[in-house]
Amino acid sequence: MTTIFLLAGESKRMGDNKMLLPFKGKNLFESTLQSALTLSDRIIAVLGRDEEIIKTVLKNYDVEIRINRNYKEGQRSSILVGLEGIYDDVAILPGDLPLLKEEDWTMGLRYLSLCISSRPYHNGNPGHPVFIARRDLKGLETSSKPFKEYLEDIGIYKYDATVGAVFDIDTKEDFNRLLDNDSTILNG
Numbered sequence: 000m001t002t003i004f005l006l007a008g009e010s011k012r013m014g015d016n017k018m019l020l021p022f023k024g025k026n027l028f029e030s031t032l033q034s035a036l037t038l039s040d041r042i043i044a045v046l047g048r049d050e051e052i053i054k055t056v057l058k059n060y061d062v063e064i065r066i067n068r069n070y071k072e073g074q075r076s077s078i079l080v081g082l083e084g085i086y087d088d089v090a091i092l093p094g095d096l097p098l099l100k101e102e103d104w105t106m107g108l109r110y111l112s113l114c115i116s117s118r119p120y121h122n123g124n125p126g127h128p129v130f131i132a133r134r135d136l137k138g139l140e141t142s143s144k145p146f147k148e149y150l151e152d153i154g155i156y157k158y159d160a161t162v163g164a165v166f167d168i169d170t171k172e173d174f175n176r177l178l179d180n181d182s183t184i185l186n187g
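Going by numbering that gives the first Met the number 0, the residue at position 102 of the sequence shown is 101; the numbering climbs one at a time, nothing skipped.
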């Protein structure tokens with residue numbers, strides 16, 4: 000299993016680069032990375048905005064770094080950079096899921112063996128990581144559809160997950176809720 004770890008985004012709604020926000024004594028993305036490191040054979044971190052700063056932090060981890068020079072084109076462009084030369088099953092994971100649980104990973108892997116892709120959902124909301132079997136990577140690479148539409152077309156298996164699979168940090172309000180241990184997050 001290879002994890003495509005997405006760290007390239009512009010953080011438009013946040014303003015500041017959300018991946019570099021301080022959380023539990025580290026950068027926000029490091030919390031998400033910790034869970035990926037325990038459950039993935041290989042991690043490819045795709046960088047864009049603030050790549051030099053993030054590269055410096057990533058030197059402390061066993062990850063392969065790739066740069067998406069076209070990161071302003073959106074998440075799909077980063078996914079494609081991460082997929083270059085990959086021939087095994089893939090998990091696609093944004094770096095802003097600090098509450099992600101191990102069970103969200105293990106269930107997705109279990110379902111991946113039964114279908115072409117699987118994705119966690121919590122209260123009807125789609126989450127991450129998204130798992131795609133190696134047999135369909137070529138379809139993902141050649142599709143011109145947005146990532147979400149592509150997943151629907153291939154018949155993604157949706158499974159129930161914890162709030163950690165869907166609670167991402169898009170705004171300053173989201174980040175403040177995280178820091179305040181807001182019960183609406185934890186109770187989902």
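Don't be surprised by glycine CBs; every beta carbon is placed ideally from N, CA and C.
Got a sec? Which residues, its chain only, sit under 7 Å from Lys-100 by beta carbon, not counting five neighbours each side?
Locating residue 100 in the sequence shown gives position 101, where the first residue counts as 1. So the list reads Thr-161, Gly-163, once near-sequence residues are dropped.
Run through the stretch 21-66 for me and flag every whole alpha helix (DSSP H) of 4 or more residues, listed as ranges in chain order.
27-38, 50-57
Residue interval of the beta strand (DSSP E) (run including Asp-159):
By one-based count along the sequence shown, residue 159 stands at place 160. Counting along the chain, the beta strand (DSSP E) containing Asp-159 begins and ends at 156-159.
Cα-Cα separation between Asn-124 and Glu-140, rounded to whole angstroms:
Taking the first residue of the sequence shown as 1, we reach residue 124 at position 125. Taking the first residue of the sequence shown as 1, we reach residue 140 at position 141. Rounded to the nearest angstrom, the two C-alpha atoms are 25 Å apart.
Can you pull the DSSP bridge partners for Ala-164?
As a working mapping, residue 164 is identified with position 165 in the sequence shown. DSSP, once it has assigned bridges, lists no residue as partnering Ala-164.
Would a C-beta distance cut-off of 7 Å place Met-13 and Leu-27 closer than the cut-off?
As a first step, residue 13 must be located in the sequence shown, where it is residue number 14. As a first step, residue 27 must be located in the sequence shown, where it is residue number 28. No. Outside cutoff.
How big is the Cα-Cα spacing for Ala-7 and Thr-55?
The residue labelled residue 7 in the question sits at position 8 within the sequence shown. The residue labelled residue 55 in the question sits at position 56 within the sequence shown. If I take the Cα positions, the gap works out to 15 Å.
Using CA atoms only, rank isn't needed, just tell me which of Ser-142, Glu-148, Lys-157 is closest to Phe-130.
In the sequence shown, the residue the question calls residue 130 occupies position 131. Nearest of Ser-142, Glu-148, Lys-157 to Phe-130, Cα basis: Lys-157.
Which residues DSSP lists as bridging Ala-90, in chain order
Reading the sequence shown from its first residue, position 91 is the one you call residue 90. In DSSP, Ala-90 forms a bridge with Thr-2, Phe-130.
Range of the contiguous beta strand (DSSP E) that encloses Tyr-110:
Position 111 of the sequence shown, counted from the start, is the residue given in the question as residue 110. It is not in any beta strand (DSSP E) - Tyr-110 instead sits in the alpha helix (DSSP H) that spans 101-111.
Could you tell me the distance, in whole angstroms, from the CA atom of Tyr-60 to the CA atom of Glu-29?
Sequence index remark: in the sequence shown, residue 60 carries index 61 (1-based). Sequence index remark: in the sequence shown, residue 29 carries index 30 (1-based). Near 10 Å, if we compare the C-alpha coordinates of Glu-29 and Tyr-60.
State the beta-bridge partners of Pro-97 as determined by DSSP.
Counted from its first residue, the sequence shown places residue 97 at position 98. In the DSSP output, where bridge partners are listed per residue, Pro-97 has none listed.
Is it the case that the Cβ atoms of Val-45 and Leu-79 are separated by a distance below 7 Å?
The sequence position of residue 45 within the sequence shown is 46, counting from 1. The sequence position of residue 79 within the sequence shown is 80, counting from 1. Not in contact: Val-45 and Leu-79 (Cβ atoms no closer than 7 Å).
Delimiting residues of the alpha helix (DSSP H) encompassing Ser-77:
For the purposes of this step, residue 77 is taken as the residue at position 78 of the sequence shown. First-last of the alpha helix (DSSP H) with Ser-77: 74-82.
Sequence-distant residues of its chain with Cβ nearer than 7 Å to Lys-171 (five each side left out)
Stepping through the sequence shown from its first residue, residue 171 is reached at position 172. The residues are Met-13.
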